[in-house]
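S.K.: My questions all concern the structure below.
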Amino acid sequence: MKKSILFAFLSCTALIGCSSSGNKALTMDEIRAMDYGIYPKDYETIIKQRLSKKDLSRLAGFDSPRKHLSISSISGTDEVEYVTSYLVCANLKGKTLLQRPFHIKNNEVVNPPHATFECTDQNDVVIYRKVLTSIHVGK
Numbered sequence: 001m002k003k004s005i006l007f008a009f010l011s012c013t014a015l016i017g018c019s020s021s022g023n024k025a026l027t028m029d030e031i032r033a034m035d036y037g038i039y040p041k042d043y044e045t046i047i048k049q050r051l052s053k054k055d056l057s058r059l060a061g062f063d064s065p066r067k068h069l070s071i072s073s074i075s076g077t078d079e080v081e082y083v084t085s086y087l088v089c090a091n092l093k094g095k096t097l098l099q100r101p102f103h104i105k106n107n108e109v110v111n112p113p114h115a116t117f118e119c120t121d122q123n124d125v126v127i128y129r130k131v132l133t134s135i136h137v138g139k
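Numbering (the UniProt record's numbering), first residue to last: 1 to 139.
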């Protein structure tokens, strides 16, 4: 039991130590200025082409496109990946309203496998940081 607790403590300490090295910061101005591709004016048509017949029959509308930034890095290194797109949420009727996210870049759907919580974020730029990402967003 003591060995298990010691192992857990050392593991947590090692992770904390790794996550604090190599930290970077981005400002919201830098994030807003990134290349998100062409604004998807025809986003409704683009998404309707991707929905099943069942989902089309349940379609209740769309949220307006918002910039979306996915940030991933390997803690303790200088390697950082930024994936930009426009996030559009399709609203589907059911027992409860379901919001399904679509990521569009240059009028193409480029869906990364993310959870639907992105649709509830009402910021002008939706930022998704992957686990153990050592990037901080400032004002």
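Each residue gets a CB set at the ideal place from its N, CA and C atoms; glycine is no exception.
Following the continuous beta strand (DSSP E) through Thr-96, name the residue where it begins and the one where it ends.
M.R.: Unbroken run through Thr-96: none, as it is neither H nor E.
S.K.: Quick check: what's the CA-CA separation for Asn-91 versus Ala-25?
M.R.: 34 Å
S.K.: Using DSSP with H/G/I as helix, E/B as strand and the rest coil, what is Tyr-39?
M.R.: coil
S.K.: Measuring straight from C-alpha to C-alpha, what distance separates Ile-71 and Arg-129?
M.R.: 5 Å
S.K.: In whole angstroms, what separates the C-alpha of Glu-30 from that of Glu-79?
M.R.: 18 Å
S.K.: Got a sec, what are the start and stop residues for the beta strand (DSSP E) Lys-130 sits in?
M.R.: No beta strand (DSSP E) holds Lys-130; DSSP gives it neither H nor E.
S.K.: Closer than 8 Å by C-beta to Asp-35: which residues in its own chain qualify, once you throw out the five before and the five after it? Chain order, please.
M.R.: Thr-84
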